[in-house]
Amino acid sequence: RAAYDVAQVEEKWQRFWDDDKTFRSQRNADRDKKYILDMFPYPSGSGLHVGHPEGYTATDIMARYWRMKGFDVLHPMGWDAFGLPAEQHAINTGTHPRETTLKNIGTFKRQLKALGLSYDWDRELSTTDPDYVKWTQWIFLQLFEAGLAEQKEVPVNWCPALGTVLANEEVIDGLSERGDHPVVRAPLRQWVLKITEYADKLLAGLDGLDWPAGTLRSQREWIGRSEGTSVKFQVKGSSEDVEVFTTRPDTLMGATYVVLAPEHPLALKLGNEDAVKEYADAAARKSDLDRTADAKTKTGVPTASFAVHPISGEDVPIWVADYVLGAYGTGAVMAVPAHDTRDYAFAEAFGLPIVRVVDGGDLPYTDPGVCVNSGEFDGLKTGKAKKAVTYKLSQLERGEKKVTYKLRDWVFSRQRYWGEPIPITFPVLDQNGAPLPEGALDPRVTDEGFEIDFSKPEAVPVSQLPLQLPETDDYAPGEDPAGCLARIKDWRFYVEDGHWRARETNTMPQWAGSCWYYLRYADNGNDAEFISPQSDEDWLPVDLYVGGAEHAVLHLLYARFWHLFLHDQKKVQAPEPFKKLVHQGLILGADGEKMSKSRGNVVNPDEVIAEHGADALRLYEMFMGPLEAVKPWQTAQVSGVVRFRDRVFQACAKAADVAIDEETEVLLHKSMRKVTTDIDQLGFNTAISQLMVLSKHLEGMKEPPREACEKLALMVSPFAPHLGEECWSVLGHSESLAGHAWVEWDEAKCVDATVTMAVQVNGKVRAKISLAPDAAEDDARALAFAEEGVQKFTEGKDVKKVIYVPGKILNIVAK
Ligand code: ANZ
Numbered sequence: 016r017a018a019y020d021v022a023q024v025e026e027k028w029q030r031f032w033d034d035d036k037t038f039r040s041q042r043n044a045d046r047d048k049k050y051i052l053d054m055f056p057y058p059s060g061s062g063l064h065v066g067h068p069e070g071y072t073a074t075d076i077m078a079r080y081w082r083m084k085g086f087d088v089l090h091p092m093g094w095d096a097f098g099l100p101a102e103q104h105a106i107n108t109g110t111h112p113r114e115t116t117l118k119n120i121g122t123f124k125r126q127l128k129a130l131g132l133s134y135d136w137d138r139e140l141s142t143t144d145p146d147y148v149k150w151t152q153w154i155f156l157q158l159f160e161a162g163l164a165e166q167k168e169v170p171v172n173w174c175p176a177l178g179t180v181l182a183n184e185e186v187i188d189g190l191s192e193r194g195d196h197p198v199v200r201a202p203l204r205q206w207v208l209k210i211t212e213y214a215d216k217l218l219a220g221l222d223g224l225d226w227p228a229g230t231l232r233s234q235r236e237w238i239g240r241s242e243g244t245s246v247k248f249q250v251k252g253s254s255e256d257v258e259v260f261t262t263r264p265d266t267l268m269g270a271t272y273v274v275l276a277p278e279h280p281l282a283l284k285l286g287n288e289d290a291v292k293e294y295a296d297a298a299a300r301k302s303d304l305d306r307t308a309d310a311k312t313k314t315g316v317p318t319a320s321f322a323v324h325p326i327s328g329e330d331v332p333i334w335v336a337d338y339v340l341g342a343y344g345t346g347a348v349m350a351v352p353a354h355d356t357r358d359y360a361f362a363e364a365f366g367l368p369i370v371r372v373v374d375g376g377d378l379p380y381t382d383p384g385v386c387v388n389s390g391e392f393d394g395l396k397t398g399k400a401k402k403a404v405t406y407k408l409s410q411l412e413r414g415e416k417k418v419t420y421k422l423r424d425w426v427f428s429r430q431r432y433w434g435e436p437i438p439i440t441f442p443v444l445d446q447n448g449a450p451l452p453e454g455a456l457d458p459r460v461t462d463e464g465f466e467i468d469f470s471k472p473e474a475v476p477v478s479q480l481p482l483q484l485p486e487t488d489d490y491a492p493g494e495d496p497a498g499c500l501a502r503i504k505d506w507r508f509y510v511e512d513g514h515w516r517a518r519e520t521n522t523m524p525q526w527a528g529s530c531w532y533y534l535r536y537a538d539n540g541n542d543a544e545f546i547s548p549q550s551d552e553d554w555l556p557v558d559l560y561v562g563g564a565e566h567a568v569l570h571l572l573y574a575r576f577w578h579l580f581l582h583d584q585k586k587v588q589a590p591e592p593f594k595k596l597v598h599q600g601l602i603l604g605a606d607g608e609k610m611s612k613s614r615g616n617v618v619n620p621d622e623v624i625a626e627h628g629a630d631a632l633r634l635y636e637m638f639m640g641p642l643e644a645v646k647p648w649q650t651a652q653v654s655g656v657v658r659f660r661d662r663v664f665q666a667c668a669k670a671a672d673v674a675i676d677e678e679t680e681v682l683l684h685k686s687m688r689k690v691t692t693d694i695d696q697l698g699f700n701t702a703i704s705q706l707m708v709l710s711k712h713l714e715g716m717k718e719p720p721r722e723a724c725e726k727l728a729l730m731v732s733p734f735a736p737h738l739g740e741e742c743w744s745v746l747g748h749s750e751s752l753a754g755h756a757w758v759e760w761d762e763a764k765c766v767d768a769t770v771t772m773a774v775q776v777n778g779k780v781r782a783k784i785s786l787a788p789d790a791a792e793d794d795a796r797a798l799a800f801a802e803e804g805v806q807k808f809t810e811g812k813d814v815k816k817v818i819y820v821p822g823k824i825l826n827i828v829a830k
């Protein structure tokens, strides 16, 4: 028996694939393409965990399978390498983030290669490569020139300890998700991308996508399109209006007070300022989620002003309360306590009037119904009433139809070192507001006597891209919210045409690099364009994108936004980047809990590979259960797939040039059908089960037919590629099977020639007959009544009934 030396075999084939460039992607005019993409990893210091190989093996199976099916396949890998951890490490140890990043990439790459993944490594990229940064900056400038990137004073989550602005998702209960440092809301000059201008397109584009339903739903909810009415309430005795947004204009006659968000521009102008100010300051420290939670006790303060109801003309008090959000709708609501849960809680708490205007159940009654107590609108159903009230308001010029979105513009600056510099510069002005001439003073050595004019941003010329980060060993954030680059004055200030200018010191968020990496893979190395029209046409869009569900909203929404924009600019053809999306399920620790260092339940793929080999790790991860399911790791079960691997090899090693028998042939064709149709649906666990059945059968034979063993090797190869190649080689082939055609089955041979079927007489099995599964009833009867056992129990009786289920059973009722 030939031994299977797993370490030696796997290393040999990995070296072969590398030297041979077996998986280099090329387009051929006469073939179709498949672009199969993994969410590229952040190369963290801890290396791969077993969650990574799950998705990567799934895409690798598809890449190998589709190559064998005759497609040109693009299957690339790269690194999402900007971001906080490398910078934090630099602050702690003094090691430059570039050094840390390169080292971590080295580790990741070694680990991925050890898995035998069929990437085209010639297309490898890192978001930190100057050549890649150049085009990330270029895309930013396209957005800038299209008016979609602008500066704004944005109330942001400013974390003084981390020295940065955080996304809402990064703030939990007023503390930073990383490190639990206090976070405050403060206005800061920021670059903002106007993703809201794409809200409708981003919604509409979802319709044609083959994505998980939950992810489509999350994206729709995140965009949060809401159709309603804007209503103007005049501030009594003033020319100011408070504009509110409501989705229930039919309840207007039940509006008994108006509430402003604490951030509302009028909040501090309507009297009772001291109390309002104190209240607003406290609200600034809370998250939106905390503020709007239904269960929360409602807080608020009254202003000293009243609003005039636009239809009844009655006075209603104006309050300030933090359950109204500054950034949604108009930042103000008309409160209808009888029909809105939060307004109801608030009115109860503060003794404000509650007036029912919709007939129905107990208050607060939030379902549709018929208008009551609503004057001219009485008797109208909710739908009609919405229209009637909105029409009336428009006649009075006090309101109109309005669409709002939950989606906010995307705050696109970070006050950090390890990110792409934003390629924008500003004029430096002297004390008279004139451009500061060179020689007047040197802004690199003094902080006085000049000013940066942020109102005149200018793009760095494309010829000067990439704008690189300065070399420094001073990456730590400081108290200046402008970020650490603001301290590197030799970089920040420079002279152009005899005058001083200043560079933008904000850097891009980590999302930037991951917004378009899939485009670059298709044309990595192109100096003249971010992607050529030909490469775009050759490879895009991505046919299959696999990655974690944690990216359901932000990454996938941001990438879609950039892609739609580039499509509008006629720079890429397809409007959507990712046709089909799949999220792999989480792999839990053996204890059924999420793997984490602190729990000590993390499985290290290096160790599994060292003990059992890469094929075993791949097979096990695919055999654990459906790709999208959450599954616990069970080390003991790895030995099952190891036995399978060895059986496949032993069968191939003793393959003989013998004719294939009928039973083997049927099993083989059924297996080819099942494995192929399963792979088509990413049903990898059931495909492996079938291969187990087939391999057990073949290995159990004294002389397994070569033909069947070859098909087995071909089918095994996407799952366990080293094993596939090794079997192919012991079967006498000198070339790799990676380019060999996939197997084809014959439907006619998928039918068992004969089945064994029970014959019952009055409910008891009296005989077994062998016949074709689709044999005619007459033939089945003839065979049954020829059996001695059947004759014995029917002799002298009257056959009342025969029930024949082809392939299953023949039932005789005799009296
Ligand atoms: C009056 C009313 C009566 C409302 C009623 C609801 C029921 P969606 O569907 O999420 O768009 N609202 C508007 N702006 C708000 C803000 N900035 N902060 C908090 N709440 C706000 O929700 C729209 C509804 O949420 C609006 O309709 C408004 O309350 C509230 F029986 O207006 B409604």
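All residue numbers for the sequence shown refer to mature numbering (1 follows the signal peptide of the UniProt record, and there is no 0), where the first residue is 16 and numbers rise by one. Glycine included, every Cβ here is placed at the ideal spot set by N, Cα and C.
For residue i, which option in the options has the closest C-alpha, if you only look at C-alpha atoms?
i	options	result
D303	V171, H90, L579	V171
R502	K711, R518, Y134, H598	R518
G151	H196, T522, Q234, M639	A small fix is needed here, since residue 151 is Thr in this sequence, not Gly. Among H196, T522, Q234, M639, the Cα nearest to that of T151 is on T522.
T771	H737, K823, R413	K823
S191	E102, T179, D222	T179
Y272	L224, V323, A299, R240	V323
A527	S320, T110, W433	W433
E412	K396, N287, P325	P325
L367	K417, A403, V316	V316
E552	F508, E212, H684, V587	V587
Q775	I784, W173, A768	I784
E236	R371, A735, V385, T419	T419
Residue i: buried (16+ other C-beta within 10 angstroms of its C-beta) or exposed?
i	result
D45	exposed
K815	exposed
residue 5	With the chain running from 16 to 830 in the structure shown, residue 5 is simply not present.
K471	exposed
K401	buried
Q446	exposed
G778	exposed
D355	buried
residue 853	Because the chain in this structure spans residues 16 to 830, residue 853 falls outside the shown range and cannot be described.
K585	exposed
D330	exposed
N539	buried
R633	buried
T692	exposed
T108	exposed
Q103	buried
E435	buried
Throw me the rounded Cβ distance for the residue i and residue j pair, which I believe falls under 8 Å.
i	j	result
A214	I187	The pair is not a contact, with the Cβ atoms about 27 Å apart (cut-off 8 Å).
W757	R688	No, W757 and R688 are not in contact; Cβ-Cβ is about 12 Å, not under 8 Å.
Y50	L99	The Cβ separation is near 30 Å, so there is no contact.
A176	G194	7 Å
K407	P458	So it is not a contact: roughly 60 Å between Cβ atoms.
Are the beta-carbon atoms of residue i and residue j separated by less than 7 Å?
i	j	result
A574	C667	no
Y490	I120	no
Q234	L738	no
residue 833	L140	This structure gives no information on residue 833, because the portion of the chain shown stretches from 16 to 830.
T230	T244	no
R42	D95	no
Problem set entry | Touching by the beta-carbon criterion (3+ pairs, under 8 Å), the segment 676-688 and the segment 653-660 | no
For this session: May I ask you to verify whether the segment 245-253 touches the segment 596-609, counting CB pairs closer than 8 Å and requiring at least 3?
Result: no
Exercise. At a cut of 8 Å, does the segment 34-42 reach the segment 115-135 through at least three beta carbon pairs?
Worked result: yes
Exercise. Any chance the segment 585-600 sits against the segment 552-563, with 3 or more Cβ pairs inside 8 Å?
Worked result: yes
Exercise. Just checking, does the segment 701-715 make contact with the segment 658-667 on the three C-beta pairs under 8 Å criterion?
Worked result: yes
Exercise. Can you find at least 3 beta carbon pairs, one from the segment 613-630 and one from the segment 125-132, that sit closer than 8 Å?
Worked result: yes
Problem set entry | At least 3 beta-carbon pairs within less than 8 Å: the segment 219-228 vs the segment 196-210 | no
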